[in-house]
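Residue numbers (my numbering), protein chains in the order written: chain A, 1 to 356; chain B, 1001 to 1356.
2 protein chains.
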Amino acid sequence: MTKVPSSARPKTVADVARAANVSKATAARVLGGYGVVSDAIRASVTAAAKALDYRPNELARSMTTGRSGIIGVVVGDIENPFFSLAVRGISDAAKASGFNVILANSGEKIEAEKAAVRLLIGKRVDGLIVTPSESRDITHLRDIHRSGRPLALLDRALPDLDVDTVTVDDREAAIRATQVLIGAGHRNIAYVTAVEANGHEYVDLRQIYTSSVRERIDGFLSACRDAGVDRPERHVRLGATSSEATRRLADEMLSHPGRPTAILASDSVIALEILRTIRQRGMRIPDDVSLITFHDADWTGVTTPPITVIDQPVYALGHSVAELLIRRLKGQIQPPERLVLPTAIITRGSVGPPHP
Amino acid sequence: MTKVPSSARPKTVADVARAANVSKATAARVLGGYGVVSDAIRASVTAAAKALDYRPNELARSMTTGRSGIIGVVVGDIENPFFSLAVRGISDAAKASGFNVILANSGEKIEAEKAAVRLLIGKRVDGLIVTPSESRDITHLRDIHRSGRPLALLDRALPDLDVDTVTVDDREAAIRATQVLIGAGHRNIAYVTAVEANGHEYVDLRQIYTSSVRERIDGFLSACRDAGVDRPERHVRLGATSSEATRRLADEMLSHPGRPTAILASDSVIALEILRTIRQRGMRIPDDVSLITFHDADWTGVTTPPITVIDQPVYALGHSVAELLIRRLKGQIQPPERLVLPTAIITRGSVGPPHP
DNA sequence: CTGCGATAAGAGACCGGTCTCTTTACTAAA
DNA sequence: TTTAGTAAAGAGACCGGTCTCTTATCGCAG
């Protein structure tokens, strides 16, 4: 004798109007919370709505109003704690202003990123937050901007695209981290990053299409050169895109006779894999090799020794880029802002003097 | 002389139809990829669409078709790597079938969960995946089900709600982990979980409204009792909901004279905080206290010593719950399935004999 | 040469809201 | 008593697609 589970078409304003014996317009006014309605009518419509279990169709609502209340977010990889934390910052800021978030991840692939943007635009999100995976091909981002939908960039700036952007002082951070290693006596320092390039071999800065990574490498090289290191670009390693790739890369790098005495990792996921490789090879930190990584991931404080990190304000990064976007969504027009948040080095125990 | 950045209203099928000199219906057939159209007309409509930079309005499309191509996901906490990984599994499965994902997190609060469900239903998602934060109040989940929209549960079963569910063998896993500790000689074992309850004091299984946690505690208690432990429920600690709370709880627990010689942590976030507290108190693992945690989080392998864990197939959990849901979305009707995935214990170095 | 079926294109209703414009009823000022 | 003014409710267009139903055209068999 149980009720048939479904098949009951969701109720509409027209259904409620009929039940309450008012016009569709009046019912819509009550249910939509706009216009003027007498208290008596309001009560009876509300009662009818409750009785019928009316739930508004946000889709229909969005179509007429043109606003969906949704912010689209395209990140490189949700699994990377850096992004999960940033997304949390975005979500919190969005929720506080009554917006919701649709998440899509690009896997750092430009084609996936384009598809995601197309999809979100199609869903008529009110605005987008993107971590652009490339600076070469940004036509899809131009399109967003051109279509009048606000766009904001997270963690990675694009010189050619003048929109709200929140990044950290990547170059500065890389310089300081490198100086820490140089100060400890290192001259053979490797920089390991996920960015893919043809040949996995670093040649030139212009080959790096991810702005944050380019900044970091630039800072790294600059600090190395200032310390008189010869051709530091030899020690930039690209292509740590997966744990396997990173493992292979690290293994190859550490088995080499002229192996680095210190490593600077571009994110915590890479650092973890490098740490694993170091352990596996029976080497010790910081005795055999020193390590610094970007992102103060939660685990970096509990290893033995704990890892010295570049602490990025990740949550704030997400929170403020969302706030910038929302400000614009609310109609405030102002010139695009480029926020650069400061980082700090947290000194732990993973840096020591070089040991050849 | 630059073009005005926006204000150009997005083009519609009607615009394209006009430009191509065909009827709206014909243009729609081409652009929507349905119906029959001659090659000549198809070409001219496609050309017109490209010229006008037409982009379909998915909102309008969803409204008439009734399908949005979106799966709504409500998880407890995106920041917890357990959930990020599960979400990744969901996303991958969804993408493979042409679905997209809207993510909302409840913060394990029932009110936020209800709001999220209401929102997603309003957005007319095609189906929902939820990790119910409570088994007491599930009217909102009943509503989903009743409205005919498929619902699937992730990680937590609800006995009263007969829908597709994917969980792991929590009770079994807890028993095995507890037995490992008991086998090492421990009789004073603490179980620490995030679940909140009035008074933070464990009294009764019926007080635990999160099914997975209840299962685990049940298994833990059962294994303890089998080993002749007296009143093991004394050692169940609730309320590790934030890092601060966990820290406080752990600190209090470890400073107590009759402190546990081993700890079983309900997730990796809790374990990390417990580990920090242990270190901070100058205690050592496993000499002073043994530790096992649920979830083989990436960091558990790199601490000294590495942590023995209960390895849950988290990605598969997400992937298969999404597949179950999608199967139903595609119209296949079958009785609700309750999948229980197996776990395994990965023995590392965090368990040793008790040391009073 | 007529008629039938198949194919291609057009006309217009519809989805479920919002919103403008119009109508109605009632109060208050002239 | 007439009239202006206002508050409240109704009628119906509209958003941008989909989809059914109708109409026009063409080939081919009888």
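Don't be surprised by glycine CBs; every beta carbon is placed ideally from N, CA and C.
For this session: Indicate whether at least one CB of chain B lies closer than 7 Å to the CB of G122 of chain A.
Result: Residue 122 of chain A sits at position 122 when you count from the first residue of the first sequence. Answer yes: the Cβ-Cβ gap between G122 of chain A and chain B drops below 7 Å somewhere.
Problem set entry | Distance between S135 of chain A and L264 of chain A (C-alpha atoms, nearest Å) | Here residue 264 of chain A refers to the residue found at position 264 of the first sequence. Here residue 135 of chain A refers to the residue found at position 135 of the first sequence. Each residue's Cα considered, the two are about 24 Å apart.
For this session: Indicate whether at least one CB of chain B lies closer than 7 Å to the CB of I138 of chain A.
Result: In the first sequence, the residue the question calls residue 138 of chain A occupies position 138. False, the Cβ-Cβ gap to chain B never drops below 7 Å.
For this session: Count the other CB atoms, across all protein chains shown, that sit within 10 Å of the CB of G1033 of chain B; report buried if there are 16 or more and exposed otherwise.
Result: To locate residue 1033 of chain B, count along the second sequence from 1; it is residue 33. In summary, G1033 of chain B is exposed, with fewer than 16 beta-carbon neighbours lying within 10 Å of its beta-carbon over all protein chains present.
Exercise. Are V1030 of chain B and V1013 of chain B closer than 7 Å when you measure CB to CB?
Worked result: Residue mapping note: residue 1030 of chain B aligns to position 30 of the second sequence, counting from 1. Residue mapping note: residue 1013 of chain B aligns to position 13 of the second sequence, counting from 1. Cβ distance not < 7 Å, so V1030 of chain B and V1013 of chain B don't count as in contact.
For this session: Report the residue from B:P1353, B:V1016, B:K1011 and B:P1010 whose alpha carbon sits nearest the alpha carbon of G1185 of chain B.
Result: Position 185 of the second sequence, counted from the first residue, corresponds to residue 1185 of chain B. Of B:P1353, B:V1016, B:K1011 and B:P1010, the smallest CA-CA separation from G1185 of chain B is found for B:P1353.
Exercise. Since D1298 of chain B contacts D1311 of chain B with CB under 8 Å, what's their CB separation in whole angstroms?
Worked result: Locating residue 1298 of chain B in the second sequence gives position 298, where the first residue counts as 1. Locating residue 1311 of chain B in the second sequence gives position 311, where the first residue counts as 1. Incorrect: roughly 12 Å between the Cβ atoms, too far for contact.
Problem set entry | Proximal residues to D1288 of chain B (C-beta, below 7 Å), its chain only, five neighbours per side dropped | As a first step, residue 1288 of chain B is located in the second sequence; it is residue number 288 there, counting from the start. Answer for D1288 of chain B: H1355, listed in chain order.
Exercise. Shorter than 7 Å from the beta carbon of A28 of chain A to some beta carbon of chain B?
Worked result: Counting from 1 along the first sequence, the entry for residue 28 of chain A is found at position 28. Residue contact check for A28 of chain A against chain B: no CB pair falls below 7 Å.
For this session: Check F1082 of chain B in the structure and name its three-state DSSP category.
Result: As a position in the second sequence, residue 1082 of chain B is number 82, starting the count at 1. DSSP places F1082 of chain B in helix when its eight states are reduced to three.
Problem set entry | the stretch 322-338 of chain A in contact with the stretch 156-166 of chain A per 3-pair CB rule at 8 Å | Short answer: they touch.
Exercise. Between which two residues does the alpha helix (DSSP H) harbouring V13 of chain A extend?
Worked result: Taking the first residue of the first sequence as 1, we reach residue 13 of chain A at position 13. V13 to A20 is the extent of the alpha helix (DSSP H) around V13 of chain A.
For this session: Name the one or two DSSP bridge partners that E1201 of chain B has.
Result: Within the second sequence, residue 1201 of chain B is the residue found at index 201, counting from 1. According to DSSP, E1201 of chain B bridges with B:R1237.
Problem set entry | DSSP-derived helix/strand/coil call for V1004 of chain B | Translated into the one-based positions of the second sequence, residue 1004 of chain B becomes position 4. Legend: pLDDT at V1004 of chain B = 38, less than 50; position of this residue unreliable, value from coordinates given subsequently. V1004 of chain B: coil per DSSP, three-state reduction.
Exercise. In chain order, what residues of the same chain have a beta carbon less than 6 Å from the beta carbon of T1347 of chain B, not counting five sequence neighbours either side?
Worked result: What you label residue 1347 of chain B is simply residue 347 of the second sequence in a count that begins at 1. Here the set comprises T1308.
Exercise. What do you get for T1261 of chain B, buried or exposed, if any count of 16 or more other CB atoms within 10 angstroms of its CB means buried?
Worked result: What you label residue 1261 of chain B is simply residue 261 of the second sequence in a count that begins at 1. With 16 or more other CB atoms across the displayed protein chains lying within 10 angstroms of its CB, T1261 of chain B is buried.
Exercise. What is the rounded straight-line gap between the Cα of G318 of chain A and the Cα of A104 of chain A?
Worked result: Taking the first residue of the first sequence as position 1, residue 318 of chain A is located at position 318. Taking the first residue of the first sequence as position 1, residue 104 of chain A is located at position 104. In a straight line, the C-alpha of G318 of chain A is about 15 Å away from that of A104 of chain A.
For this session: Answer with buried or exposed for A47 of chain A, where buried requires no fewer than 16 other C-beta atoms within 10 angstroms of its C-beta.
Result: The count along the first sequence starts at 1 and reaches residue 47 of chain A at position 47. With fewer than 16 neighbouring CB atoms inside 10 Å of its own CB, A47 of chain A falls in the exposed class.
Exercise. Which residues mark the beginning and the end of the beta strand (DSSP E) in which L1357 of chain B is found?
Worked result: Within the shown structure, residues of chain B are numbered from 1001 to 1356, placing residue 1357 of chain B beyond reach of any answer.
Exercise. If you check the beta carbons only, do A116 of chain A and V74 of chain A fall under 7 Å apart?
Worked result: Locating residue 116 of chain A in the first sequence gives position 116, where the first residue counts as 1. Locating residue 74 of chain A in the first sequence gives position 74, where the first residue counts as 1. Contact flag set, yes.
For this session: Find the residues of chain B that neighbour P342 of chain A, judging by a C-beta separation of less than 8 Å, and give them in chain order.
Result: If you number the first sequence from 1, residue 342 of chain A lands on position 342. Within chain B, no residue comes near P342 of chain A; the closest Cβ sits about 23 Å away, beyond 8 Å.
Problem set entry | Classification of R171 of chain A by the beta-carbon crowding that lies within 10 angstroms, buried from 16 upward | Residue 171 of chain A sits at position 171 when you count from the first residue of the first sequence. The residue is buried, with at least 16 neighbouring Cβ atoms inside 10 Å.
Problem set entry | CA-to-CA distance, I1090 of chain B to A344 of chain A, given in whole angstroms | Within the first sequence, numbered from 1, the residue matching residue 344 of chain A stands at position 344. Within the second sequence, numbered from 1, the residue matching residue 1090 of chain B stands at position 90. Approximately 35 Å, taken between the alpha carbons.
Problem set entry | S266 of chain A and F294 of chain A closer than 7 Å at C-beta | To locate residue 266 of chain A, count along the first sequence from 1; it is residue 266. To locate residue 294 of chain A, count along the first sequence from 1; it is residue 294. In this structure, S266 of chain A lies near F294 of chain A, with their beta-carbon atoms less than 7 Å apart.
For this session: Count the other CB atoms, across all protein chains shown, that sit within 10 Å of the CB of R214 of chain A; report buried if there are 16 or more and exposed otherwise.
Result: If you number the first sequence from 1, residue 214 of chain A lands on position 214. Buried: at least 16 other Cβ atoms inside 10 Å.
Exercise. What number of angstroms, rounded off, separates the C-alpha of L52 of chain A from the C-alpha of V1101 of chain B?
Worked result: Reading the first sequence from its first residue, position 52 is the one you call residue 52 of chain A. Reading the second sequence from its first residue, position 101 is the one you call residue 1101 of chain B. If you take the alpha carbons of L52 of chain A and V1101 of chain B, they lie about 29 Å apart.
Exercise. DSSP state of D71 of chain A, grouped into three classes?
Worked result: As a first step, residue 71 of chain A is located in the first sequence; it is residue number 71 there, counting from the start. The residue asked about is misnamed: residue 71 of chain A is Ile in this sequence, not Asp. Three-state DSSP puts I71 of chain A in a strand.
For this session: From the DSSP output, in three-state form, read off Y209 of chain A for me.
Result: For the purposes of this step, residue 209 of chain A is identified with residue 209 of the first sequence, where counting begins at 1. If DSSP states are grouped into helix, strand and coil, Y209 of chain A belongs with coil.
Exercise. What does S91 of chain A reach in chain B if we use C-beta pairs closer than 9 Å?
Worked result: In the first sequence, the residue the question calls residue 91 of chain A occupies position 91. Going along chain B in sequence order, the residues near S91 of chain A (Cβ under 9 Å) are I1078, L1103, A1104 and N1105.
Exercise. Is it true that the CB of E108 of chain A sits closer than 7 Å to the CB of G76 of chain A?
Worked result: As a working mapping, residue 76 of chain A is identified with position 76 in the first sequence. As a working mapping, residue 108 of chain A is identified with position 108 in the first sequence. A contact, by the Cβ cut-off of 7 Å.
For this session: Determine the closest residue to L120 of chain A out of B:P1159, B:S1068, B:A1112 and B:D1092, with distance taken between C-alpha atoms.
Result: Taking the first sequence and counting its residues from 1, one reaches residue 120 of chain A at position 120. Looking at B:P1159, B:S1068, B:A1112 and B:D1092, the one whose alpha-carbon comes closest to that of L120 of chain A is B:S1068.
For this session: Let me know the beta strand (DSSP E) ranges lying completely inside the stretch 87-174 of chain A, each 3 residues or longer, listed in chain order.
Result: DSSP runs (the beta strand (DSSP E)) wholly in the stretch 87-174 of chain A: 100-105, 127-130, 151-154 and 164-168.
Problem set entry | Chain-order list of residues whose beta-carbon lies under 8 Å from that of R1306 of chain B (same chain, five-residue window excluded) | Sequence index remark: in the second sequence, residue 1306 of chain B carries index 306 (1-based). First, the residue type needs correcting, since residue 1306 of chain B is Pro and not Arg in the sequence shown. Around P1306 of chain B: T1300, R1348, G1349 and S1350.
For this session: Please state whether DSSP places V1192 of chain B in a helix, a strand or coil.
Result: One-based indexing of the second sequence puts residue 1192 of chain B at position 192. When secondary structure is reduced to three states using DSSP, V1192 of chain B falls in the strand class.
Exercise. Exposed or buried, which one is P1203 of chain B when buried takes at least 16 other CB atoms within 10 Å?
Worked result: Here the question's residue 1203 of chain B lines up with position 203 in the second sequence. It should be pointed out that residue 1203 of chain B corresponds to Val in this sequence rather than to Pro. Classification for V1203 of chain B: exposed.
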